[in-house]
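Numbering (our numbering), first residue to last: 4 to 166.
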């Protein structure tokens, strides 16, 4: 069976754990910050997706996880909230961290994931996102926080990209 390894990064409260749990069909639980790593896996279209959420919650001493979980990874998903400019501004730090920790010669597909929360104003403009994605040679997609099917469809697209 083909396997894909994905890591999820982003600022606190951007939906990393929620996305991991939706993709892996893990029941929703009340919010608790992830300190360390949350791991899940699922099989979609005959492909096993292994997901690793690196939740450093701002603690510098936990950032060593980043390098360990980038080994042999195919996708780095960098989540940010479309509803809060401050979370988007922090995205560059994660992109730089990922690029600095990828071993030379490794190809990692980076995808920016803009997470929308219903009934909240969008603060991040499309041109800002496009500019950042182009600079880091990253893909971009948007998902709705409450859109369970959309999150699973996103995971299925990742499987197709890797085929």
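Cβ coordinates follow ideal geometry from the N, Cα and C atoms, glycine included.
Check                                                                                                                      : Outcome
Own chain partners of residue 9 with C-beta closer than 8 angstroms, once the 5 adjacent residues on each side are dropped : 52, 53, 54, 55, 76, 77, 78, 79, 80 and 161
Residue 53 - DSSP class collapsed to helix/strand/coil                                                                     : strand
Buried or exposed by the 16-neighbour rule on C-beta atoms within 10 Å, applied to residue 138                             : exposed
Residue interval of the beta strand (DSSP E) (run including residue 11)                                                    : 5 to 13
DSSP-derived helix/strand/coil call for residue 117                                                                        : strand
Residue span of the alpha helix (DSSP H) that contains residue 133, given as start and end                                 : 129 to 138
Alpha carbon of residue 95 to alpha carbon of residue 31, nearest angstrom                                                 : 29 angstroms
Residue burial classification, residue 25 (beta-carbon count within 10 angstroms, cutoff 16)                               : buried
Distance CB(residue 180)-CB(residue 98) smaller than 8 angstroms                                                           : The question about residue 180 has no answer here: the residues shown for the chain are numbered 4 through 166.
C-alpha distance - residue 129 paired with residue 154, whole-angstrom precision                                           : 20 angstroms
Under 8 angstroms between C-beta atoms of residue 127 and residue 85                                                       : yes
Pick from 117, 50 and 71 that is closest to residue 164, judged by C-alpha positions                                       : 50
Contiguous alpha helix (DSSP H) assignments of at least 4 residues, all confined to the segment 88 to 112                  : 88 to 92 and 94 to 104
Close Cβ partners of residue 4 (< 8 angstroms) along its chain, the five nearest in sequence each way excluded             : 46, 49, 50 and 51
Classification of residue 19 by the beta-carbon crowding that lies within 10 angstroms, buried from 16 upward              : buried
Heavy atom of the ligand ADP within 7 angstroms of residue 113 beta-carbon                                                 : Inclusion of the ligand ADP in the displayed structure is not the case, the ligand content being empty and no account of it being possible.
Between the CA atoms of residue 121 and residue 156 - distance to the nearest angstrom                                     : 19 angstroms
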